[in-house]
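Colleague: Okay, handing you the structure first.
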Amino acid sequence: MGMALRLRLGRRFLSNSTFPWQNSAPAPPKPEPIPSTTLFVSGLNKQTTSDKLKEAFSKFGEVISATVAKDHVSGYSKGFGFVRHATIKDAEEGIKGMDGQFLDGWVIFAEYARPRAPKMDT
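In UniProt numbering, the protein residues as written are 1 to 122.
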């Protein structure tokens with residue numbers, strides 16, 4: 001392959017042009033979360049238990065329940081869970097206190113849980 005051909009191919013692959021499958025419009029902003037007493041917690045270590053999750057969030061307010069989502073077959077954690085606080089104020093304090101913090105060696109993220117989308121009938 002000649003040097004000129006290599007340069008042309010290199011320029012073509014390194015150009016800033018967009019591909020037809022790329023959407024040039026920016027992604028729409030996420031809607032503001034609706035405050036609720038239930039928090040969605042992601043980034044959990046596979047070893048984190050519901051008890052450890054509850055203990056960590058209890059420092060910031062009364063926790064009603066904490067659940068780590070698990071795979072039904074293997075029983076292993078899916079890496080996320082839910083924490084239900086007694087009040088919205090406690091939930092807000094839980095987000096402020098735990099979002100971006102380490103739990104069992106992993107950085108976790110806490111946000112208000114969004115309602116489930118309605119199931120589609122098939």
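Ideal placement from N, C-alpha and C gives every residue a C-beta, glycine not left out.
#1: Beta carbon of Y112, beta carbon of P28: below 7 Å?
#2: Under a Cβ-count criterion, where at least 16 other Cβ atoms within 10 Å of its own Cβ denotes burial, should F102 be classed as buried or exposed?
#3: Do you know offhand how far V68's Cα is from M120's?
#4: What is the C-beta distance between V83 and G43, in whole angstroms, given that I count them as a contact (C-beta under 8 Å)?
#5: Tell me, please, which residues DSSP counts as bridged to T67.
#6: For S77 and K46, which I take to be in contact (beta-carbon distance under 8 Å), what is that distance rounded to the nearest angstrom?
#7: Between the beta-carbon of I88 and the beta-carbon of P26, is there less than 7 Å?
#8: Thinking C-beta only, is L39 closer than 7 Å to G100?
#9: Expressed to the nearest angstrom, what Euclidean distance is found between the alpha-carbon atoms of F80 and G61?
Modeller: Based on what the coordinates show:
#1: Not in contact: Y112 and P28 (Cβ atoms no closer than 7 Å).
#2: exposed
#3: 26 Å
#4: Between V83 and G43 a beta carbon distance of about 13 Å is seen, past the 8 Å cut, so the two are scored as non-contacting.
#5: F82
#6: Indeed, because the Cβ distance is near 5 Å, the residues count as touching under 8 Å.
#7: no
#8: no
#9: 20 Å
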